[in-house]
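Undergrad: Sequential numbering of the sequence shown, starting at 69, is according to our numbering.
All C-beta atoms, glycine included, are put in the ideal place defined by N, C-alpha and C.
What you are looking at is a predicted structure, and each value in this text was computed from that prediction instead of being measured.
Dumping the structure here so I can ask a few things about it.
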Amino acid sequence: MAQVPRAGRGAGPAVHFNHTLLQRARLELDLTQEQVAASIGVDVRTYRRYESGAVNDPRLGFSVRSPSRRRILERLSAELGITEAELLAGEAGGAAAEEPAAAEEPAVAEAPAAAEAPACGAAAEAPAAAEAPAAAGAPASAAEERAPAAAPAAPQAGAPAWRPLHAHTLQRARHFVGRGEVLERLAAWVDASPPEPRVVALLGVGGAGKTAIAERFLQGLGDGPRPGGVLVWSFYDDPRTEAFLDEATAYFAQGAGAAPRAPAAPGEQLARLRGALGQGPPHLLVLDGLETVQAEGGGGRAHGELHDALLRRLLCAIAAGLGGARALVTSRFELADLAAWADGGLATIRPASLSPDDAASLMRRWGIRGGDGALRALFERTGGHALSVAVVGSYVGAFLGGDAGRLDAAQLAEAERDDVLARRLSSVLSAYARALPPGERDLLARLSVFPGGAGEPALLQLIRGGGEIAGATAGWGAAELARGLARLERLGLVFAARQGELCYSTHPFVRQHFKALLGVSPDRVHAAGSAAPPPRLDEAPRRPPRERGALDAHEAVILELLGAGREAEALDIYELGLGGFAHLGLRLGDMARGARILRAFAGGDDPRGMPASLPARVRASLAYEAGLYAGALGDLAFACVCYAAHNEAAEALADPAPLATGLRTMAYTERLRGDLTAARRLVERSSEIAERAADRAHAVRAQALLGAVLHDLGEVDAAGERFARLRAMGDAPIARRGLWASEHDLALGRRAEARAATERNIAACRRRGWEGHVAHGHTLLGLALLGGAESEERDDLDDGGVAAAEAHLAEARRWASATGEVEVALRCHELAARIALAAGRLDEGERQAGEGMHVAGTCGFGPFRARLAVIAARCALGRGAGGAAAAGALADAAVAWAGEDAWARADALHWAGVAAARAGDAPRGRELLAEAAALRARLRHPGAGASREALVRLG
């Protein structure tokens, strides 16, 4: 189907609707306008706008972004024998150019009575009963139907021109009233440079009008070229954050004329997207339905916390300031992860209930008759809740003859739900369900099974299933289905959704209500409507899948089996079909998918909720793997919640090994967070359990981790004793336990020993396929190549120099890019910043350290954050006296972030003292350097002499 270009560089020629050809074809077939309108499923007023050319905007031409417009084009083509290409004429040719389009009603603001889908979640959304004529008192002004003025900002000369990309179509309000103040605020915000705030959140209960406001705002922007991109994504339609990141990365990184690049690996997605957004253009992300990927609270997650760490990091980066990027978000929940920016980078708008006048205007547009008193009484019964007013308007207009006095049958009384607005809406929807013909009611109930919507072919396939699968739609053909969908669309209960195909969906609240009326398992209905049968284990390949489509199919089967209560079969597909964490996480780096699947097993955010039908050991194992996914994504706090759930279950097992493992892994995670006291307690208990069980393998692992924790705490001799004990036990220093011993040696200045041991360790890990440990080892080798003795600006260079260190960095980055593992990514940031500092590339050093600090701060890696802040402070000092103030602020922050990590604290104190002295505060400089010198001496830190020398220079 021909389309106006929507994304990428260049405006392209305007496209106009060829209305004269449409009129000529109708007259040649001797059809009336009424007959054509009926044949394509719209009312005659809508059809006349097409035949008159009123749908053509004089400036932007004819936009085909709206799904209903695409549907109309498809049906006009089928009914009149005209190709869609003929109906869409370029600006330079065709009949569309012969006659100027009507200027008084821009296409982007159009809301025709029957064709344009109402927004059942909108400010004034509602199902419209198209058969009920509009009341005589309904406002007819085109200006009242239009979004506030928000003409697309013209791109500067020579700048790339971006066209919006609507990955999903937001539900449009059939009739829109009020909200002018909010829309004016958004119109001013979107073109501000820089935007203040960076993130705007439309928050409210379901049906408060959030999506309708966002959609109306987008109408105002139009589809014309802009100086920055616009990406629209609905998490209602697709809650997979990795799919969103794929789409956003492809659009923003390539849409401005950049050379095509291969799809980003999991570890590269966010970095590439951040790089594109940070280049400066005023890019806009519109994210609808964010609550679908937020926690409801409990089970270790705060209310409103984002499940996905990558999405959390992206929104935090935008809120903190990322080029000219900005984001508009709709959600039912507070954005808990952005609380730190509540006074600057984040603004929350809570759409108020409709005013009595706006509600009355809306109800009249739906064909409700009655005086002001009757409409006010009806308003009071709905509470001004936008969706409730809309549904009431549609219901009364369609089934009660427009008589507001007959609404008693709807029984807007107290129901079982806690929210009064939800209760009122539920009662109206119940009345709707009773009034709808059985076929339409059952069609809506079955459509509600598909969160992302379903097309006519899928619904027909479902109907052919017959029996309780089809319900009252059994025996329907394509014509009956089309009529049923058209009527439900006119009533505002469904809307055409999704780009590029004819697909129907409904508001989440309506979906939830009618889904409960199915009378059959939703999973059976969903399976019956699937375009292809799901994969089966006996047809699965010998190896776990790697392609996105196959992974999606396996995940879908797991979700259907869990919904049907077949947990054991779902487990088989996760462990055998997908290979569990070993394949999804370690080989594919698809951490987000693994975390989402295990959240489905738990039935929510609490890892203690793993299915009781599974054996205790399996439940413990699933909770443990949930922690592995969370830890790799950098969600350390939730990882600890998962490990705690695992350990609770493991306590009851006869085998002590799972508990020893769980305690040790939790200790490892607490060490990354900087809670070294907790880490020590956990690993000591793990060691005791292993020793009691005479389990040598677990005992040596526990001793190695205990040595690393003691090293961080500054108990250098005790740490050395632990590593020496491992050697005495004959343990081969490989994997993490060898890496921790090398970190200990490197910190003490024994660089040659550290390098030799790490090179042997890397070779052993590579033979075993342990690429994560190989990457860690390369970061250690890179650091070992950099100088140990400190000057005030940069590291000394070793024989290998910067080039050799950069080669090790490239090796480590391969793993970070492939998997997105945050710990390795932070180690890469640290090494990259140190290399840049050593080479005198101060801007790059500050950038690498700053990006790492953002990740460490967002994910809770306290010690890493402190070390990176120290490097950033050293880069600032390298600029001379002018950088002393910035360096002091960074080093002071590092002191606070170091927490119990004695080595990070010692370095932070040293550079804070140097910065204070440079800034002219000698007394404070002496105080800080004295503390640093004492701590470094106790640690036997190679930089202890540098601290003493700096102190002497201050006198």
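Enumerated in chain order, which unbroken segments of the beta strand (DSSP E) with a length of 3 residues or greater are wholly contained in the stretch 400-442?
TA: Listed in chain order, the complete beta strand (DSSP E) runs (minimum 3 residues) inside the stretch 400-442 are 414-417.
Undergrad: With a Cβ-Cβ cutoff of 9 Å, do Leu666 and Leu690 count as a contact?
TA: Along the sequence shown, one-based indexing puts residue 666 at 598. Along the sequence shown, one-based indexing puts residue 690 at 622. Yes, the pair counts as a contact, with Cβ atoms nearer than the cut-off.
Undergrad: Between Ala952, Glu879, Cys833 and Met678, which lies nearest to Asp989 when the distance is taken from Cα to Cα?
TA: Numbered from 1 along the sequence shown, position 921 holds the residue referred to as residue 989. Comparing Cα positions, the closest option is Ala952.
Undergrad: What would DSSP say about His234, mapped onto helix, strand or coil?
TA: Here residue 234 corresponds to residue number 166 of the sequence shown, with the count starting at 1. The answer is strand: DSSP assigns His234 an E or B state.
Undergrad: Do you know offhand how far Thr237's Cα is from Val300's?
TA: If you number the sequence shown from 1, residue 237 lands on position 169. If you number the sequence shown from 1, residue 300 lands on position 232. Answer to the nearest angstrom: the Cα atoms are 8 Å apart.
Undergrad: Going straight from the alpha carbon of Gly948 to that of Arg739, what length do you get?
TA: Counted from its first residue, the sequence shown places residue 948 at position 880. Counted from its first residue, the sequence shown places residue 739 at position 671. Taking the straight line joining both Cα atoms gives about 35 Å.
Undergrad: If you draw a straight line from the alpha carbon of Arg942 to that of Leu696, how long is it in whole angstroms?
TA: As a working mapping, residue 942 is identified with position 874 in the sequence shown. As a working mapping, residue 696 is identified with position 628 in the sequence shown. Each residue's Cα considered, the two are about 34 Å apart.
Undergrad: Within the same chain, show all residues whose beta-carbon is closer than 7 Å to that of Ala765, passing over the 5 residues directly before and after it, in chain order.
TA: Residue 765 sits at position 697 when you count from the first residue of the sequence shown. For Ala765, where only same-chain residues beyond five positions count, there are no Cβ hits under 7 Å.
Undergrad: Identify the continuous beta strand (DSSP E) that holds Trp301 and give its terminal residues.
TA: In the sequence shown, the residue the question calls residue 301 occupies position 233. Val298 to Ser302 is the extent of the beta strand (DSSP E) around Trp301.
Undergrad: Here's the rule I'm using: 16 or more other beta-carbon atoms within 10 Å means buried, otherwise exposed. How should Ala878 be labelled?
TA: Walking along the sequence shown from the start, residue 878 turns up at place 810. Classification for Ala878: exposed.
Undergrad: Less than 9 Å between the beta carbons of Ser429 and Gly357, yes or no?
TA: In the sequence shown, counting from the first residue as 1, residue 429 sits at position 361. In the sequence shown, counting from the first residue as 1, residue 357 sits at position 289. No. Outside cutoff.
Undergrad: Could you spell out where the alpha helix (DSSP H) holding Ala1000 opens and where it closes?
TA: Position 932 of the sequence shown holds residue 1000. Where Ala1000 is concerned, the enclosing alpha helix (DSSP H) stretches over Ala990 to Leu1007.
Undergrad: If you follow the alpha helix (DSSP H) that His651 is part of, which residue opens it and which one closes it?
TA: For this step, residue 651 is matched to residue 583 along the sequence shown. Start and end: Gly648 to Leu652.
Undergrad: So the candidates are Glu557, Val517, Leu849 and Pro675; which of them puts its Cα closest to the Cα of Glu628?
TA: As a working note, residue 628 is residue 560 in the sequence shown. Considering only alpha carbons, the answer is Val517.
Undergrad: Tell me, please, whether the stretch 99-118 touches the stretch 142-157 by the rule of three or more beta-carbon pairs shorter than 8 Å.
TA: Yes, they touch.
Undergrad: Using a Cβ-Cβ cut-off of 6 Å (strictly less than) and excluding sequence neighbours within five positions of Phe582, which residues of its own chain qualify?
TA: For the purposes of this step, residue 582 is taken as residue 514 along the sequence shown, with counting starting at 1. The residues are Leu512, Ala513 and Ser516.
Undergrad: Would DSSP call Gln362 helix, strand or coil?
TA: In the sequence shown, counting from the first residue as 1, residue 362 sits at position 294. The answer is strand: DSSP assigns Gln362 an E or B state.
Undergrad: In the structure shown, what three-state DSSP assignment does Ala762 receive?
TA: Numbered from its first residue, the sequence shown carries residue 762 at position 694. Correct three-state label for Ala762: coil.
Undergrad: Have a look at the DSSP bridge pairing and note the partners of Phe9.
TA: Only positions 69 to 1023 of the chain appear in the structure, and residue 9 is not among them; the question remains open.
Undergrad: Distance, Cα to Cα, Tyr692 vs Arg676?
TA: In the sequence shown, counting from the first residue as 1, residue 692 sits at position 624. In the sequence shown, counting from the first residue as 1, residue 676 sits at position 608. Approximately 11 Å, taken between the alpha carbons.
Undergrad: Unbroken alpha helix (DSSP H) runs of length 4 or more, entirely within the stretch 91-129: which are they?
TA: Counting whole runs of 4 or more residues, the stretch 91-129 contains the alpha helix (DSSP H) stretches 101-108 and 112-120.
Undergrad: In chain order, what residues of the same chain lie with their CB nearer than 6 Å to the CB of Ala893, ignoring the 5 residues before and after it?
TA: Within the sequence shown, residue 893 is the residue found at index 825, counting from 1. Counting only Cβ-Cβ distances below 6 Å, and skipping sequence neighbours, we find Ala884.
Undergrad: Just reading off the alpha helix (DSSP H) that Asp743 is part of, what are its end residues?
TA: Counting from one through the sequence shown, the residue named residue 743 turns up at place 675. Looking at the DSSP string, Asp743 is not in any alpha helix (DSSP H), and its letter there is neither H nor E.
Undergrad: Here's the rule: buried if 16 or more other CB atoms are within 10 angstroms of the residue's CB, otherwise exposed. What is Asp703?
TA: In the sequence shown, the residue the question calls residue 703 occupies position 635. It is buried - the Cβ of Asp703 has at least 16 other Cβ atoms within 10 Å.
Undergrad: Would you identify the three-state DSSP class for His375, choosing helix, strand or coil?
TA: Mapped onto the sequence shown, residue 375 falls at position 307. If DSSP states are grouped into helix, strand and coil, His375 belongs with coil.
Undergrad: Comparing alpha-carbon positions, which option in Ala976, Trp965 and Val923 lies nearest Ala955?
TA: Translated into the one-based positions of the sequence shown, residue 955 becomes position 887. When only C-alpha atoms are compared, the closest one is Ala976.
Undergrad: Within 10 angstroms of the Cβ of Ser754, are there 16 or more other Cβ atoms? Answer buried if so, exposed if not.
TA: Your numbering for residue 754 matches position 686 in the sequence shown. Burial call: buried.
Undergrad: Smallest Cα separation from Ala415: which of Pro424, Ala404 and Ser423?
TA: Numbered from 1 along the sequence shown, position 347 holds the residue referred to as residue 415. It is Ala404 whose Cα lies nearest to the Cα of Ala415.
Undergrad: Examine chain D for any beta-carbon lying closer than 9 Å to the beta-carbon of Leu396, and answer yes or no.
TA: The chain labelled as chain D is not found in the depicted structure, where only one protein chain is given.
Undergrad: Output the distance between the C-alpha atoms of Asp911 and Ile939, rounded to the nearest integer angstrom.
TA: One-based indexing of the sequence shown puts residue 911 at position 843. One-based indexing of the sequence shown puts residue 939 at position 871. Roughly 12 Å between the two C-alpha positions.
Undergrad: For Arg558, which of helix, strand or coil comes out of DSSP?
TA: Locating residue 558 in the sequence shown gives position 490, counting from the first residue. Three-state result, Arg558: helix.
Undergrad: Would you kindly work out how many angstroms separate the C-alpha atoms of Leu374 and Ala815, rounded to a whole number?
TA: As a working note, residue 374 is residue 306 in the sequence shown. As a working note, residue 815 is residue 747 in the sequence shown. Answer to the nearest angstrom: the Cα atoms are 37 Å apart.
Undergrad: To the nearest angstrom, how far is the alpha carbon of Leu773 from that of Gly742?
TA: By one-based count along the sequence shown, residue 773 stands at place 705. By one-based count along the sequence shown, residue 742 stands at place 674. One C-alpha to the other measures close to 14 Å.
Undergrad: Hey, how far is the Cα of His371 from the Cα of Ala229?
TA: Within the sequence shown, the letter at position 303 stands for residue 371. Within the sequence shown, the letter at position 161 stands for residue 229. Using only the alpha carbons, I get a separation of about 39 Å.
Undergrad: Beta strand (DSSP E) containing Asp15: first to last residue?
TA: Since the first residue of the chain shown is 69 and the last is 1023, residue 15 is not available in this structure.
Undergrad: Can you confirm whether the stretch 767-787 touches the stretch 967-974 when touching is taken to mean that 3 or more C-beta pairs between the two stretches lie within less than 8 Å?
TA: Taking 8 Å as the limit for Cβ pairs, the verdict is that the stretch 767-787 does touch the stretch 967-974.
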